[in-house]
Amino acid sequence: MATSLQFLNPTLFKSLAPSNKTSSSLSPSPLFRLNSTSTAFNFRPLTSSSSSSSAAIITRAAASSSGSGESLTRETFHGLCFVLKDNIDTDQIIPAEYTTLIPSVPEDREKLGSFALCGLPEFYNDRFVVPGEMKSKYSVIIGGDNFGCGSSREHAPVCLGAAGAKAVVAESYARIFFRNSVATGEIYPLESEVRICDECKTGDVVTVEHKEDGSSLLINHTTRKEYKLKPLGDAGPVIDEGGIFAYSRKAGMIPAASSA
Amino acid sequence: MASSVISSSPFVCKSSSSLKKDLGFSSFTKSSQISIHRCQKKSISRKIVSVMAPQKDRSPGTTGSVKTGMTMTEKILARAAEKSLVVPGDNIWVNVDVLMTHDVCGPGAFGIFKREFGEKAKVWDPEKIVVIPDHYIFTTDKRANRNVDIMREHCKEQNIKYFYDITDLGNFKANPDYKGVCHVALAQEGHCRPGEVLVGTDSHTCTAGAFGQFATGIGNTDAGFVLGTGKILLKVPPTMRFILDGEMPSFLQAKDLILQIIGEISVAGATYKTMEFSGTTIESLSMEERMTLCNMVVEAGGKNGVIPPDATTFDYVENRTSVPFEPVYSDGNASFVADYRIDVSKLEPVVAKPHSPDNRALARECKDVKIDRVYIGSCTGGKTEDFMAAAKLFHAAGRKVKVPTFLVPATQKVWMDVYALPVPGTGGKTCAQIFEEAGCDTPTSPSCGACLGGPADTYARLNEPQVCVSTTNRNFPGRMGHKEGQIYLASPFTAAASALTGHVADPREFLQ
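Chains as they are written, first to last, in this note's numbering: chain A, 1 to 260; chain B, 1001 to 1512.
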């Protein structure tokens, strides 16, 4: 099944031999079923990715190098959180009028970041990105149920990542948003076990920490509470790698990008 | 929690190879067991009978394998992944039959394709990609215009066969290739076929499930991947079954049915799942009504919607394409993760109140809500039959609208139908004539229009905090423009009735 996809499209660049690298002593089990509630991907006998289990969250590499397959280091991070409620749809995350911006063009992506969450109604007093600025001071977005519902437009996870957010921690996700987050590698879609959005306030200082068993922890220093988060499972390594392309490339399923 | 009682007639049609597609035999399973399916409408027994028991007298040795029943969606995906069996939760690489994109996401998808596969890379199959500019077309917004130009460049370079281009923004009729709203155009141009896998860079790609195919929305990155490889990694969804029976009341439409269902299960009720619609009511629906039903599957969080194809489907498809297709049907012993039975004869017109598609209420209970405008358009409610329905109600009422009523035909073809087709029961009047007599705005250039707001100069955009009854699909804050705009989602009948009263109105006020 791990046949290289370039057989299907002979015009793709020359094939690479399937990668034989084993960069860590851990090899993922060759075939495992997904936890159906939280993940969307499962790649069969792939070389182990850079996912070491002594983990913390990945720092997102600069946008222009996304997809290059470089190894990303994980680290625990601290930051401010921005709290939202249920059913935050994609038009609130990035109003449709801004989707004329093309996410794959670096300058457009920057602009998308500046508009992130500007579609929120007046009910939310705080602005995720202060008008006039390009980036947000908040690193973690906390949400309720069905985060990211609505459109399949990738501008939604892209603008959050472009604004500097590292992760969303929500009770549950709409599937297209979750999938797009994983495919682009822009932001970690983490799932909480309880309704964190009712116990945190925008501006609380939080830490997101990854554990050995693949699960993570959200620590709210302001309220002194800790919350266990669900493991990303198979989606984790895909995001770590930088998205589906980098991941497929590493697995030898598609050739390296070449501008020749 | 799964109910596995199947209520289908254990009626097996005879097949002959020339009629194979009419009878829907799924040809890829190794077992000799014939799938239970629905045949032509006329010959179906309407009695609900109990499940057919598994064949006990055959040992696994004689059949070759233990036969596991699959749902329609599972079968489509299994076949597209060249597997004999899949179960929900499996992640499989699936061959894509058609990839659709439009002006908003096309540039990004191609951008990713080039970045990842190389500037000189070629798409996997230039005849399986359909590029349909539709979102932000009739606007002076430079970025929006630029996006259409970018798509033109890509299509030229890649020799994309189906590019429904527009160059003259001042007169949509001057563009022979331009179609309009992608999901309606896909159907009208014969790109929707039973049994196939269609993915598109738009959440309402699920509309095509009405044709008995697997159709779902994807992002630019996934689309870029498909552009290069023709494959996509999908997780097989479990299926929720909705069996709708009973005669459709004359004042009820498919929009009411789907709003009813979403109100029942909530905006996340079908997340990661397939919504399969069957039953006598479904069989009585036209293709356009089936499209409306499947269109809003995504509003319940659904991955895809499906309706078993039948004579209605085949008639529609065969009139528009000669590409062969092979429909599939859910097995009698397939597992469904949920089973809903709905007696349609008991339903009443409903709306979805602000600000969520699951905020369901009876239309008649909202008659005190004063409204500022009505919008009839979009892939959900801007098709020919949607306008016919509105026209029928306006004609029956014989009055003028009390609020600005905006009409946005989904495609060029719909626009032409609005001006050319006689509305039954009106003495030969066309929709356009009836709309004019009722005082509606002149039907405008076909596109997605204000369904999703759009650039500031988009026709009928909600630029003030007004109350709008709309035949569109989402009503989250800011959806049609202004953050404080209040959108009531409704059927074309309900929208027309509301236009006449200046309040949210039940269409029975005018239709009975």
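Here a beta-carbon is modelled for each residue, glycine too, at the ideal position from N, C-alpha and C.
Return the bridge partner residues of residue i from the DSSP annotation.
{"i": "B/Ala1215", "result": "B/Leu1198"}
{"i": "A/Tyr138", "result": "A/Leu80"}
{"i": "B/Cys1468", "result": "B/Arg1373, B/Ile1487"}
{"i": "B/Pro1422", "result": "B/Thr1430"}
{"i": "B/Asn1091", "result": "B/Lys1235"}
{"i": "A/Glu226", "result": "A/Ile219"}
{"i": "A/Pro189", "result": "A/Val168"}
{"i": "B/Ser1278", "result": "B/Ile1243"}
{"i": "B/His1503", "result": "B/Lys1370"}
When the Cα atoms are used, what is the spatial distance from residue i to residue j?
{"i": "B/Glu1509", "j": "B/Cys1206", "result": "33 angstroms"}
{"i": "A/Arg249", "j": "B/Asp1343", "result": "51 angstroms"}
{"i": "A/Gly119", "j": "A/Leu101", "result": "16 angstroms"}
{"i": "B/Phe1028", "j": "B/Arg1079", "result": "At B/Phe1028, the pLDDT of 32 sits below 50, so the modelled position is not reliable; the number obtained from the coordinates is stated separately. Roughly 7 angstroms between the two C-alpha positions."}
{"i": "A/Val168", "j": "A/Ala174", "result": "13 angstroms"}
{"i": "B/Lys1014", "j": "B/Lys1392", "result": "Only weak support exists for where B/Lys1014 lies, its pLDDT of 29 falling under 50; the coordinates are left without a value."}
{"i": "B/Thr1101", "j": "A/Asn220", "result": "42 angstroms"}
{"i": "B/Val1306", "j": "B/Met1275", "result": "6 angstroms"}
{"i": "B/Gly1180", "j": "A/Gly148", "result": "27 angstroms"}
{"i": "A/Gly236", "j": "A/Ser152", "result": "21 angstroms"}
{"i": "B/Arg1364", "j": "A/Ile88", "result": "29 angstroms"}
{"i": "B/Thr1239", "j": "B/Asn1304", "result": "9 angstroms"}
{"i": "B/Glu1116", "j": "B/Lys1083", "result": "28 angstroms"}
{"i": "B/Ala1420", "j": "B/Gly1170", "result": "22 angstroms"}
{"i": "B/Gly1224", "j": "B/Thr1411", "result": "26 angstroms"}
{"i": "B/Lys1114", "j": "B/Asn1220", "result": "12 angstroms"}
{"i": "A/Gly242", "j": "A/Val194", "result": "28 angstroms"}
{"i": "A/Ser104", "j": "A/Glu209", "result": "30 angstroms"}
{"i": "A/Ser114", "j": "A/Lys137", "result": "11 angstroms"}
{"i": "B/Ser1203", "j": "B/Ala1254", "result": "19 angstroms"}
{"i": "B/Arg1488", "j": "B/Val1350", "result": "In the sequence as presented, Arg is not what sits at residue 1488 of chain B; that position holds Tyr. If I take the Cα positions, the gap works out to 10 angstroms."}
{"i": "B/Gly1263", "j": "A/Glu110", "result": "38 angstroms"}
List the residues of chain B that residue i touches, going by C-beta distances under 9 angstroms, in chain order.
{"i": "A/Ser172", "result": "Ala1268, Thr1271"}
{"i": "A/Leu218", "result": "Correct list: empty, because the minimum Cβ distance to chain B is about 22 angstroms."}
Whose Cβ in chain A lies nearer than 8 angstroms to the Cβ of residue i?
{"i": "B/Arg1474", "result": "Asp89, Asp91, Gly150"}
{"i": "B/Asp1222", "result": "Arg179, Asn180, Ala183, Ile244"}
{"i": "B/Phe1455", "result": "The sequence shown places Pro at residue 1455 of chain B, rather than the Phe named in the question. Correct list: Glu97, Thr100."}
Under 7 angstroms between beta-carbons, which chain B residues line up against residue i? List them in chain order, please.
{"i": "A/Phe128", "result": "Per Cβ cutoff of 7 angstroms: no residues; A/Phe128 is ~15 angstroms from chain B at best."}
{"i": "A/Ile94", "result": "Near A/Ile94 there are no residues of chain B at all, since even the closest Cβ is about 11 angstroms away, more than 7 angstroms."}
{"i": "A/Pro103", "result": "Gly1108, Asn1220"}
Can you list, in chain order, the residues of its chain with a C-beta nearer than 7 angstroms to that of residue i? Leave out the 5 residues immediately preceding and following it.
{"i": "B/Asp1097", "result": "Lys1128, Glu1196, Val1197, Leu1198"}
{"i": "B/Gly1301", "result": "Val1267, Ala1268, Gly1269, Ala1270, Thr1271"}
{"i": "B/Val1403", "result": "Ile1371, Asp1372, Arg1373, Val1374, Ala1499, Gly1502"}
{"i": "B/Thr1140", "result": "Asp1457"}
{"i": "B/Thr1321", "result": "Gly1190, Arg1193"}
{"i": "B/Ala1497", "result": "Leu1393, Ala1505, Asp1506, Pro1507, Glu1509, Phe1510"}
{"i": "B/Asp1386", "result": "Ile1376, Thr1471, Pro1492"}
{"i": "A/Thr99", "result": "Arg153, His155"}
Is it true that the CB of residue j sits closer than 8 angstroms to the CB of residue i?
{"i": "A/Ser172", "j": "A/Glu199", "result": "no"}
{"i": "B/Pro1133", "j": "B/Gln1158", "result": "no"}
{"i": "A/Gly144", "j": "B/Phe1476", "result": "no"}
{"i": "B/Trp1361", "j": "B/Lys1353", "result": "This sequence places Ala at residue 1361 of chain B; Trp is not what is there. Contact: yes."}
{"i": "A/Ile176", "j": "B/Gly1209", "result": "no"}
{"i": "A/Thr222", "j": "A/Asp240", "result": "no"}
{"i": "B/Tyr1329", "j": "B/Pro1357", "result": "no"}
{"i": "B/Ser1378", "j": "B/Thr1292", "result": "no"}
{"i": "B/Gly1478", "j": "A/Asp91", "result": "yes"}
{"i": "B/Asp1331", "j": "B/Met1070", "result": "yes"}
{"i": "B/Thr1313", "j": "B/Gly1212", "result": "yes"}
{"i": "B/Thr1405", "j": "B/Cys1431", "result": "no"}
{"i": "A/Ala163", "j": "A/Val129", "result": "yes"}
{"i": "B/Lys1383", "j": "B/Ala1438", "result": "no"}
{"i": "B/His1395", "j": "B/Lys1429", "result": "yes"}
What residues of chain B sit near residue i, judged by a beta carbon separation below 8 angstroms?
{"i": "A/Arg175", "result": "Thr1271, Tyr1272, Gly1301, Lys1303"}
{"i": "A/Gly252", "result": "Under the 8 angstroms cutoff, chain B gives no residues; its nearest Cβ is about 13 angstroms from A/Gly252."}
{"i": "A/Ser265", "result": "A query on residue 265 of chain A cannot be resolved here, the shown segment of chain A reaching from 1 to 260 and no further."}
Within its chain, find whatever has a CB closer than 8 angstroms to the CB of residue i; leave out the 5 residues flanking it on each side and keep chain order.
{"i": "B/Leu1077", "result": "Val1086, Ile1092, Val1094, Val1197, Phe1214, Leu1234, Val1236"}
{"i": "A/Val140", "result": "Gly79, Leu80, Cys81, Phe82, Ala165, Lys166, Ala167, Val168, Val169, Val206, Val208, Leu218"}
Which same chain residues end up closer than 6 angstroms to residue i when comparing Cβ atoms and leaving out the 5 residues on each side of it in sequence?
{"i": "B/Tyr1136", "result": "Ala1144, Gly1454, Pro1455"}
{"i": "B/Cys1448", "result": "Asp1134, His1135, Val1181"}
Just the chain A side, please: which residues come within less than 7 angstroms of residue i by C-beta, in chain order?
{"i": "B/Gly1217", "result": "Ser152, Ile176"}
Using a cut-off of 9 angstroms between C-beta atoms, extract the partners of residue i located in chain A.
{"i": "B/Gly1111", "result": "Ile102, Pro103, Ser104, Val105"}
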